[in-house]
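Visitor:
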Amino acid sequence: MKAENVMSVRATLEALRQGDITSYDLTKACLKRMEALDGSLHAFLTPTPELALRQADEADRKYAAWRQDPSQELPPLLGLPMAVKDVLAQAGVRCTCGSKILENFIPPYTATSVERLIRAGIVTVGKTNTDEFAMGSSTENSAYGPTRNPWNPERVPGGSSGGSAAAVAARMVPAALGTDTGGSVRQPAAFCGVTGLKTTYGRISRYGLVAYGSSLDTVGVLAQSAEDISLILPHMAGRDPRDATSMDLPAPTIDLEKASVKGLRVGVPKEYFIEGIQTEVAQGVRAAIETLRQLGAEIKEISLPNTEYALPVYYLIAPAEASANLARYDGIRFGPREEGERMWEMFFNTRGKRFGAEVKRRIMLGTYALSAGYYDAYYGQAQKVRTLIKHDFESAFSEVDVIAAPVAPTTAFRIGQHSGSPLEMYLEDIFTLPANLAGVPGIAFPVGFDSQGLPVSMQLMGPHFREDLLLRSAHAYQQATDYHFQSPELA
Ligand code: GLN
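Counted from 1, the sequence shown has number 288 at position 288 by this note's numbering; the numbering is strictly sequential.
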């Protein structure tokens, strides 16, 4: 086996265990590909080649020891190269959140999700590009410049986990971590033609995930296939005393042997096939639903009647929480400082010069929505409607097992296409926001291509803590199709 091609997670782990390849060679191959492609794609903000090679060396030593004494326990992901979105802290590695306000911030601690994967044996090759503080749908809001879509460099990779999605799509790494507050794992996965899982709120600790909308933020995984994600997820999940919202549930066991959609009740919400959606997206998703039917699923039209309120509700709650969360960046606690005569001038200069336009917009929106006299009318009202959206899902899941829908109304749009209009950009999130408001898991995976050769993807949403159901359903689909194997041609 050759190290030139970055393989699936499963193939990689098998090859490592068989001794067909070393983690060192594999990591070198990933780093080489990053070096060759990232000048044009810009998926990474901070590559960490030395650290990666040290970790790989260590992994190879553990494999060697295990070969001497196979009774030793082998960390389950030993030697697997992965990339990490730059809103997840990793001790000793610069964490910018795509913002100039954290340009030189080196966290002294590691996010629980990352730490658990490192304990499980992964090799970390670097931090990936993101919209500033994960606010965006295209990675164009990164203060360090956009990431480009590997399928077409004139197109966005989606966002905010656009760097992670592009890195997996360009086969720089077998898998990457992302975060999803309103779609940021699923939508970039969809635009880049990879598989992306947004977990249930509470499934994975948020400790060390730089807070955006605390009641919405989740950690997710991007990889080539549902099978690959199922190999990674169990090693991150579970209770963490450092995050009071993490649930004390056993790690999900995902038995793909039995993966089948026979008898699976798939709900198709009529509110998700609306006017304005790109025809090829609607057609592609409908065709994928038909494939599920042929594989034995029962398809049922359902209604999620409050879907139309998801967008305004999200764009009140997320900025409100963001405005509180981002108050901590003041030139004292984290990152660089812009001096001023008086303390408030120093705050003003630091925040004024170092936050980008979208972040400022959201802080103003959120502060306004939380201000005395407006709180009940905006934030309070949004919370009530959020409860109705949650009820929509609860009643749907009393009728069906999973919900099938598009991920976004379009395929990857052109860089700059929505830059002039925040509202246009927010509309891209219409199909992903509801799952975050309800806290349920969702998975995005490729189901075809549009006439421009850009990936078309489908989303499955499931009941709380049923990631197993989503992964098994997506796996059954991927067993019958080969869209997830397709990768862009890159020089
Ligand atoms: N696009 C949405 C936003 O800008 C969601 C981002 C996310 O999930 N982090 O808020």
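Cβ coordinates follow ideal geometry from the N, Cα and C atoms, glycine included.
Take residue 278 and list the residues in its own chain whose beta-carbon comes closer than 8 angstroms to its own, dropping the five residues that flank it on each side.
Guide: So the qualifying residues of the chain are 409, 410, 411 and 450.
Visitor: Leaving aside the five residues before and after residue 262 along the sequence, list all residues of the same chain whose C-beta is less than 8 angstroms from its C-beta, in chain order.
Guide: Cβ neighbours of residue 262 beyond the five flanking positions: 295, 296 and 297.
Visitor: Nearest CA to the CA of residue 444: which residue from 205, 196, 31 and 464?
Guide: Comparing Cα positions, the closest option is 196.
Visitor: Hey, is residue 137 close to ligand 1, as in C-beta under 8 angstroms from one of its heavy atoms?
Guide: Yes, Cβ of residue 137 sits closer than 8 angstroms to a heavy atom of ligand 1.
Visitor: Can you name, in chain order, every residue of its own chain whose Cβ lies under 8 angstroms from the Cβ of residue 268, other than the five neighbours on each side?
Guide: Answer for residue 268: 289, 299, 300, 301, 302, 403, 404 and 405, listed in chain order.
Visitor: Count the other C-beta atoms from every protein chain shown that fall within 10 angstroms of the C-beta of residue 423, then say buried if there are 16 or more, exposed otherwise.
Guide: It is exposed - the Cβ of residue 423 has fewer than 16 other Cβ atoms within 10 Å.
Visitor: Please classify residue 229 as buried or exposed, where buried requires at least 16 neighbouring CB atoms within 10 angstroms.
Guide: Result: buried.
Visitor: Since residue 229 is in the beta strand (DSSP E), which residue starts that stretch and which ends it?
Guide: Premise fails: residue 229 lies in the alpha helix (DSSP H), 226-232, not in any beta strand (DSSP E).
Visitor: Ends of the alpha helix (DSSP H) at residue 44?
Guide: Looking at the DSSP string, residue 44 is not in any alpha helix (DSSP H); the run it does join, the beta strand (DSSP E), is 44-47.
Visitor: Less than 9 angstroms separating the beta-carbons of residue 112 and residue 91?
Guide: Contact: no.
Visitor: Tell me residue 85's beta-bridge partners as DSSP assigns them.
Guide: DSSP, once it has assigned bridges, lists 128 as partnering residue 85.
Visitor: Taking Cβ to Cβ, would you say residue 457 is nearer than 9 angstroms to residue 446?
Guide: Result yes, Cβ atoms of residue 457 and residue 446 sit closer than 9 angstroms.
Visitor: Which first and last residues belong to the beta strand (DSSP E) in which residue 179 is found?
Guide: Segment 175-180, the beta strand (DSSP E) holding residue 179.
Visitor: Would you decide whether residue 104 is buried or exposed? Buried here means 16 or more other CB atoms lie within 10 Å of its CB.
Guide: Counting Cβ neighbours within 10 Å, residue 104 comes out exposed, since fewer than 16 surround it.
Visitor: What do you get for residue 2, buried or exposed, if any count of 16 or more other CB atoms within 10 angstroms of its CB means buried?
Guide: Note on residue 2: pLDDT 44, under 50, position unreliable in the model; the coordinate value appears next. The residue in question, residue 2, is exposed, as its Cβ has fewer than 16 Cβ neighbours within 10 Å.
Visitor: Could you tell me if residue 4 is buried or exposed, where buried requires 16 or more neighbouring beta carbons within 10 angstroms of its beta carbon?
Guide: With a pLDDT of 46 at residue 4, under the threshold of 50, the predicted position of this residue should be treated as unreliable, though the coordinate-derived value follows. Answer is exposed; the Cβ neighbour count stays below 16.
Visitor: Should residue 459 and residue 431 be called a contact, given that it needs their Cβ atoms to be closer than 9 angstroms?
Guide: Yes, the Cβ-Cβ distance between residue 459 and residue 431 is below 9 angstroms.
Visitor: Give me the Cβ distance between residue 469 and residue 401, rounded to the nearest whole Å; I'm assuming they're in contact under 8 angstroms.
Guide: Yes, residue 469 and residue 401 are in contact; Cβ-Cβ is about 6 angstroms, under 8 angstroms.
Visitor: May I ask you to verify whether the stretch 384-392 touches the stretch 344-363, counting CB pairs closer than 8 angstroms and requiring at least 3?
Guide: Flag = no, the stretch 384-392 and the stretch 344-363 do not touch.
Visitor: Please report the residue range of the alpha helix (DSSP H) in which residue 440 lies.
Guide: First-last for residue 440: undefined, no H or E at that position.
Visitor: For the alpha helix (DSSP H) containing residue 478, list its first residue and its last residue.
Guide: Element bounds for residue 478: 467-480.
Visitor: Quick one, which of 476, 94, 143 and 132 has its alpha-carbon nearest residue 257's?
Guide: With distances taken between Cα atoms, residue 257 lies closest to 476.
Visitor: Measuring CB atoms only, is the stretch 123-143 touching the stretch 151-159, in the sense that at least three cross pairs come out at less than 8 angstroms?
Guide: Output reads yes: the stretch 151-159 touches the stretch 123-143.
Visitor: Around the Cβ of residue 249, are there at least 16 other Cβ atoms within 10 angstroms (buried) or fewer (exposed)?
Guide: With fewer than 16 other Cβ atoms within 10 Å, it is exposed.
Visitor: Please classify residue 198: does DSSP put it in a helix, a strand, or coil?
Guide: Residue 198: strand per DSSP, three-state reduction.
Visitor: Within the stretch 307-333, note down every full alpha helix (DSSP H) run reaching 4 residues or more, in order along the chain.
Guide: Counting only runs of 4 or more, we get 310-325.
Visitor: So does residue 181 have its beta carbon nearer than 8 angstroms to some heavy atom of ligand 1?
Guide: It does: the Cβ of residue 181 is within 8 angstroms (strictly closer) of some heavy atom of ligand 1.
Visitor: Report the rounded CA-to-CA distance for residue 179 versus residue 89, giving the unit in angstroms.
Guide: Using only the alpha carbons, I get a separation of about 12 angstroms.
Visitor: Exposed or buried, which one is residue 81 when buried takes at least 16 other CB atoms within 10 Å?
Guide: Residue 81 should be labelled buried.
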